[in-house]
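In the numbering used here, the protein residues as written are 52 to 459.
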């Protein structure tokens, strides 16, 4: 139970005992002793140790994380005993020293499946440690892992490539967007976005725009990355265009939230006083800076759930803005639902207000309005007392048929 370094000399001869329990006890005793002499004693014992004793020593060396033990561990990171091979690979991965890379590479390419998977993960950790001072070597290691088994290791390699954000990696990463799925595809998207940001910083706006547009098309509308990409594209002068389905407005810009009691729901705030909505403008509500953020709902009825998006979300309100593009001038109907209140403007003119608490019911309010050919601007103020907070809007023509339009 003591951690006296003087005990090392008394413990190491016990590794030669015929009793496996004595061998393991000696290894455990040395493990409790800090410092390099203990590490050296454990590493030296590996060569002639039985598989059972190696199974005790290797986790101990892994926990000590001393790079001096790598050669001894690498020497047993192969061979017929899969359990020892796996323990050695896991120890090398825990130490994660560059000197462990060759043994990890060999294990990842030639070992049994469990060894390959562990080696791939450890190999990525080695690359992570090299990335700052040896970026070229680390990048090559990350790319090598992408061709191996194991989605966990491949996703981890992509995290490393995202941190590097090297444009030279793009030709190898972009194909993953189409052929991969799950965590690997998701991390590949992150790599591409990071590269796009770097290209933008380098003044390569067209390439950044291309990358942002491609990755945006792969993300669900409520994904925070999608909102960020929409902001970046708008700053680049791009307007995202979405075809409407069944007349549902699914793409909005949201601003808020702000505190407001029901008695003040009609009180006009700055956004509704403006002649034109400036999506780049910053507002102050309740002492906090707020900006317009894009949101796209995947709900078939166009319901936007506001509670997860805003704080506060009781006794409060927010604004929602959409640009609707139609081919010709026409009368339209807005089918609104809200929990609780809602005020609606079309092209700067207030066309509707419901200022009482209620639960959302799709198409509950039927509002007449007129659209010009081209872009039409719909502004909503959605107001909340307590409980759930959401809204939805569907557009029809004057006869009640779903309107054909685009959102931008």
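We put the beta carbon where it would ideally sit given N, CA and C, even for glycine.
I need the straight-line Cα distance from residue i to residue j, nearest angstrom please.
{"i": "residue 188", "j": "residue 194", "result": "10 Å"}
{"i": "residue 301", "j": "residue 154", "result": "53 Å"}
{"i": "residue 354", "j": "residue 380", "result": "27 Å"}
{"i": "residue 192", "j": "residue 267", "result": "28 Å"}
{"i": "residue 423", "j": "residue 249", "result": "40 Å"}
{"i": "residue 333", "j": "residue 265", "result": "28 Å"}
{"i": "residue 452", "j": "residue 384", "result": "9 Å"}
{"i": "residue 233", "j": "residue 239", "result": "10 Å"}
{"i": "residue 263", "j": "residue 288", "result": "13 Å"}
{"i": "residue 271", "j": "residue 414", "result": "25 Å"}
{"i": "residue 304", "j": "residue 120", "result": "57 Å"}
{"i": "residue 344", "j": "residue 306", "result": "7 Å"}
{"i": "residue 419", "j": "residue 370", "result": "20 Å"}
{"i": "residue 521", "j": "residue 217", "result": "In the structure displayed, the chain extends from 52 to 459; residue 521 sits before or after that span and is not available."}
{"i": "residue 190", "j": "residue 329", "result": "42 Å"}
{"i": "residue 63", "j": "residue 152", "result": "29 Å"}
{"i": "residue 126", "j": "residue 209", "result": "30 Å"}
{"i": "residue 99", "j": "residue 252", "result": "57 Å"}
{"i": "residue 235", "j": "residue 324", "result": "47 Å"}
{"i": "residue 89", "j": "residue 82", "result": "7 Å"}
{"i": "residue 416", "j": "residue 219", "result": "54 Å"}
{"i": "residue 107", "j": "residue 65", "result": "14 Å"}
{"i": "residue 275", "j": "residue 260", "result": "18 Å"}
{"i": "residue 257", "j": "residue 458", "result": "23 Å"}
{"i": "residue 382", "j": "residue 290", "result": "25 Å"}
{"i": "residue 174", "j": "residue 112", "result": "17 Å"}
{"i": "residue 335", "j": "residue 401", "result": "23 Å"}
{"i": "residue 69", "j": "residue 122", "result": "26 Å"}
{"i": "residue 352", "j": "residue 368", "result": "22 Å"}
{"i": "residue 421", "j": "residue 237", "result": "42 Å"}
With a cut-off of 8 Å on the beta carbons, I'd call residue i and residue j a contact; round off their distance for me.
{"i": "residue 390", "j": "residue 347", "result": "So it is not a contact: roughly 20 Å between Cβ atoms."}
{"i": "residue 165", "j": "residue 137", "result": "6 Å"}
{"i": "residue 71", "j": "residue 103", "result": "5 Å"}
{"i": "residue 159", "j": "residue 199", "result": "6 Å"}
{"i": "residue 204", "j": "residue 172", "result": "5 Å"}
{"i": "residue 502", "j": "residue 214", "result": "The question about residue 502 has no answer here: the residues shown for the chain are numbered 52 through 459."}
Going by C-alpha to C-alpha distance, which of the options sits closest to residue i?
{"i": "residue 86", "options": "72, 196, 117", "result": "117"}
{"i": "residue 185", "options": "172, 211, 205", "result": "211"}
{"i": "residue 170", "options": "201, 183, 320, 182", "result": "201"}
{"i": "residue 128", "options": "157, 225, 271", "result": "157"}
{"i": "residue 105", "options": "83, 140, 243", "result": "140"}
{"i": "residue 410", "options": "220, 442, 421", "result": "442"}
{"i": "residue 162", "options": "328, 296, 133", "result": "133"}
{"i": "residue 246", "options": "229, 225, 366, 83", "result": "225"}
{"i": "residue 149", "options": "168, 178, 294", "result": "178"}
{"i": "residue 222", "options": "364, 311, 243", "result": "243"}
{"i": "residue 180", "options": "145, 197, 205, 206", "result": "145"}
{"i": "residue 298", "options": "393, 456, 316", "result": "456"}
{"i": "residue 366", "options": "399, 315, 386", "result": "315"}
{"i": "residue 313", "options": "392, 320, 74", "result": "392"}
{"i": "residue 475", "options": "363, 352, 296", "result": "A question about residue 475 goes unanswered here, because the residues of the chain that appear run from 52 up to 459."}
{"i": "residue 394", "options": "382, 337, 432", "result": "432"}
{"i": "residue 295", "options": "368, 320, 444, 69", "result": "444"}
{"i": "residue 14", "options": "331, 78, 326, 454", "result": "No answer is possible for residue 14: the residues shown for the chain start at 52 and end at 459."}
{"i": "residue 397", "options": "196, 183, 326, 197", "result": "326"}
{"i": "residue 337", "options": "351, 308, 331", "result": "308"}
So is residue i buried or exposed if we call it buried at 16+ other beta carbons inside 10 Å?
{"i": "residue 52", "result": "The predicted model places residue 52 with a pLDDT of 49, which falls under 50 and marks its position as unreliable; any figure quoted below should be read in that light. Flag for residue 52 reads exposed."}
{"i": "residue 322", "result": "buried"}
{"i": "residue 435", "result": "buried"}
{"i": "residue 374", "result": "buried"}
{"i": "residue 339", "result": "exposed"}
{"i": "residue 143", "result": "buried"}
{"i": "residue 292", "result": "exposed"}
{"i": "residue 349", "result": "exposed"}
{"i": "residue 231", "result": "buried"}
{"i": "residue 227", "result": "buried"}
{"i": "residue 318", "result": "exposed"}
{"i": "residue 286", "result": "exposed"}
{"i": "residue 387", "result": "buried"}
{"i": "residue 167", "result": "buried"}
{"i": "residue 67", "result": "exposed"}
{"i": "residue 341", "result": "buried"}
{"i": "residue 74", "result": "buried"}
{"i": "residue 437", "result": "exposed"}
{"i": "residue 114", "result": "exposed"}
Please confirm whether residue i has its beta-carbon closer than 9 Å to some beta-carbon of chain B.
{"i": "residue 76", "result": "Checking the listed chains, one finds no chain B in this structure; it contains a single protein chain."}
The segment 361-376 in contact with the segment 411-428 per 3-pair CB rule at 8 Å
yes
I'd like to know if the segment 401-411 and the segment 446-457 are in contact, where contact means that at least 3 CB-CB pairs between them fall below 8 Å.
no
Can you find at least 3 beta carbon pairs, one from the segment 356-370 and one from the segment 275-285, that sit closer than 8 Å?
no
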